[in-house]
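Chemist:
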Amino acid sequence: MSGVDIVYPTARAEPAFGWFADGLACQLGDDADVRVIVVDGRDAPGRREHFEAAVAGRFEILHVRAKPSPHQGPHRRTASDCFAAGSARNTGLIHATAPTVAFVDDSSLPMPGWWSAVRRAAGRGEVVGGAYQRHWAMQVRGGRLESSRAHAGGVDTRWPLGDDSRPVPIGGARLYGATICAPRELLLSLNGFDEICGMIGGEDWQLGLRLDNAGIPVLYDRSMLIIESEELGRQEPVLLRIDPEIGEDEYSERLAEFGLPARRTTGRRDASHFLADMVLGTGSSATFGNYYWLADLTPESVDRTSSRFPERFWFDHRPLSGI
Numbered sequence: 038m039s040g041v042d043i044v045y046p047t048a049r050a051e052p053a054f055g056w057f058a059d060g061l062a063c064q065l066g067d068d069a070d071v072r073v074i075v076v077d078g079r080d081a082p083g084r085r086e087h088f089e090a091a092v093a094g095r096f097e098i099l100h101v102r103a104k105p106s107p108h109q110g111p112h113r114r115t116a117s118d119c120f121a122a123g124s125a126r127n128t129g130l131i132h133a134t135a136p137t138v139a140f141v142d143d144s145s146l147p148m149p150g151w152w153s154a155v156r157r158a159a160g161r162g163e164v165v166g167g168a169y170q171r172h173w174a175m176q177v178r179g180g181r182l183e184s185s186r187a188h189a190g191g192v193d194t195r196w197p198l199g200d201d202s203r204p205v206p207i208g209g210a211r212l213y214g215a216t217i218c219a220p221r222e223l224l225l226s227l228n229g230f231d232e233i234c235g236m237i238g239g240e241d242w243q244l245g246l247r248l249d250n251a252g253i254p255v256l257y258d259r260s261m262l263i264i265e266s267e268e269l270g271r272q273e274p275v276l277l278r279i280d281p282e283i284g285e286d287e288y289s290e291r292l293a294e295f296g297l298p299a300r301r302t303t304g305r306r307d308a309s310h311f312l313a314d315m316v317l318g319t320g321s322s323a324t325f326g327n328y329y330w331l332a333d334l335t336p337e338s339v340d341r342t343s344s345r346f347p348e349r350f351w352f353d354h355r356p357l358s359g360i
C-alpha cells in the first residue's frame, strides 16, 4: 500500500485527539506508512506537545497552524469566527506528501475496520466517503468504545445504501466530510475544497458534485466508520454559520454573473442552493472561491494569500466585517 496522510483539523480546546490516536494505533500494523497532520485553528502554546504526547511515538505526527482564512482566525475579515472547514482541510493538503490523503473530523473515534477501509481505498486510488454516527456519553478506553448512547439526529442517512462487504457507488452529492479518503494529486487537480463554501458549509458535497463533473466515481464504505462525540461537538468555540436567502430577481442576477440563464435546483433561494446551481449549471470541476492555486502553495507562502481576501460576502454582497 502507498503511504497515507491523515488530516485532522480542529479549533477546539479539547478535541479528544487521544481517542483518535489510540483508536488508530490499535489498527495499525508494524509496516503502516501513515502520518497524521493536525491542522490547529488555535495554535496556542503547548498545543503541539499535547498532540505529540497523545501519539506517544506510535506513528508520525505533524502539527501545523491553520492557513489564513477570510472567515476564521487572526487574518479573518469577518467580525466573528465562522465555519471554515474547507480552508482547514486545504491546509492539510498543502502539508501532505503521501499519495493518498484521508480526512477525519475531530472529537471522533475510528471504529475497527476504519484503517483497513482507508488502506483499501488507497491501494485502489479511489475516492471513498466513510460513514459516521454521533453519540452521547462516549466512554473510550485504549481506543475502544466501551459504552455510549446514540444521538437520534446523528445517524448517517446513507447507511442503508451501503454494503458491509464492499464500497458502493454513490452520487457526489452524498459525499460527506466526516471522513473521506482520496488521491492527493486528484484533489490538487481540482484545487482542493472550495472556500466559497466558507461560513455556509457544504464544501464536502460541493466537492462531490465537482468530482461528478470530472467523471470521477465516488464510493461509500460504511466499514470506514467513525463515532463522533455529540457533547464535544457542541463545546466552544461554536463557529458561526450563515445561509441567507435573497429575492428571485437578485438570485437571477447572481446566476447571470456566472453565465447561467436559469437555476438547476428548486426550493429556497439561499446560498446553499446557489452553490449547487453553480456547479450543476457550469459543469465545472474547478473551485469558484479559492484565492490561490493549491498546488502552487507551500507552508511558507500561505500567509501571502490574505492580501487577496474579499471584503464582502459573494452571495448577498454584505460587508464581511458585519458578520
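If you use the working numbering, the sequence shown corresponds to residues 38 to 360, in order.
From the three backbone atoms N, C-alpha and C, an ideal C-beta is built for every residue, glycine too.
In this text the structure is predicted, and so the values were computed from the model without any measurement.
(1) With DSSP as the reference, label residue 329 as helix, strand or coil.
(2) Alpha carbon to alpha carbon, what distance is there between residue 102 and residue 128?
(3) Suppose you measure from the CA of residue 115 to the CA of residue 318; what does that come to, to the nearest Å?
(4) With a threshold of 16 other CB atoms inside 10 Å of the CB of residue 93, please say whether the residue is buried or exposed.
(5) Per DSSP, which residues does residue 218 bridge with? Please list them.
(6) Compare the C-alpha of residue 239 against each of 210, 60, 47 and 336 and name the closest.
(7) Since I believe residue 71 is in contact with residue 96 (beta carbons under 8 Å), could you give me their beta-carbon distance rounded to a whole number of angstroms?
(8) Taking Cβ to Cβ, would you say residue 307 is nearer than 8 Å to residue 285?
(9) For a quick check, are the C-beta atoms of residue 256 and residue 147 less than 8 Å apart?
(10) Which of the three DSSP states is assigned to residue 177 in this structure?
(11) In the structure shown, what three-state DSSP assignment does residue 187 receive?
(12) Helix, strand or coil, according to DSSP, for residue 224 in the structure here?
(13) Just reading off the beta strand (DSSP E) that residue 47 is part of, what are its end residues?
(14) Kindly indicate the opening and closing residues of the alpha helix (DSSP H) around residue 131.
(15) Across which residues does DSSP place residue 246 in a beta bridge pair?
(16) Taking just the CA atoms, how far does residue 251 sit from residue 262?
(17) Counting Cβ pairs, one atom from each stretch, are 3 or more of them under 8 Å apart for the stretch 126-145 and the stretch 46-65?
(18) Taking the beta strand (DSSP E) that residue 257 belongs to, which residues open and close that run?
(19) Ends of the alpha helix (DSSP H) at residue 291?
(20) Out of 176, 274, 118 and 342, point me to the one whose CA is closest to residue 328's CA.
(21) Among the residues of its own chain, which have a CB less than 7 Å from the CB of residue 305, if the five just before and after it don't count?
(22) If you reduce the DSSP assignment to three classes, tell me which class residue 149 lands in.
(23) How is the alpha helix (DSSP H) around residue 92 delimited, first residue to last?
(24) Mapping DSSP to helix, strand and coil, what is residue 38?
(25) For residue 198, which residues does DSSP report across the bridge?
(26) Please report the residue range of the alpha helix (DSSP H) in which residue 275 lies.
(27) Using a 10 Å radius around the Cβ and a threshold of 16 neighbouring Cβ atoms, would you call residue 354 buried or exposed?
(28) Are the beta-carbon atoms of residue 221 and residue 138 separated by less than 8 Å?
(29) Residues bridged to residue 282 by DSSP?
(30) With H, G and I counted as helix, E and B as strand and the rest as coil, what does DSSP make of residue 357?
Modeler: Considering the structure as presented:
(1) Correct three-state label for residue 329: coil.
(2) 8 Å
(3) 29 Å
(4) exposed
(5) 139 and 165
(6) Put simply, of 210, 60, 47 and 336 the residue whose alpha carbon is nearest the alpha carbon of residue 239 is 210.
(7) 6 Å
(8) no
(9) no
(10) strand
(11) strand
(12) helix
(13) Its beta strand (DSSP E) spans residues 41-47.
(14) 122-132
(15) Per DSSP, none; premise fails for residue 246.
(16) 27 Å
(17) yes
(18) 255-266
(19) 285-294
(20) 342
(21) Cβ neighbours of residue 305 beyond the five flanking positions: 282.
(22) coil
(23) 84-92
(24) Confidence is the limiting factor: at residue 38 the pLDDT is only 46, short of 50, which leaves the residue's position unreliable, though a coordinate-based value still follows. Coil at residue 38, not helix or strand.
(25) Residue 198 is not bridged to any residue.
(26) Here residue 275 belongs to no alpha helix (DSSP H), and DSSP marks it neither H nor E.
(27) exposed
(28) Closer than 8 Å, so yes.
(29) 307
(30) Annotated three-state conformation of residue 357 is helix, per DSSP.
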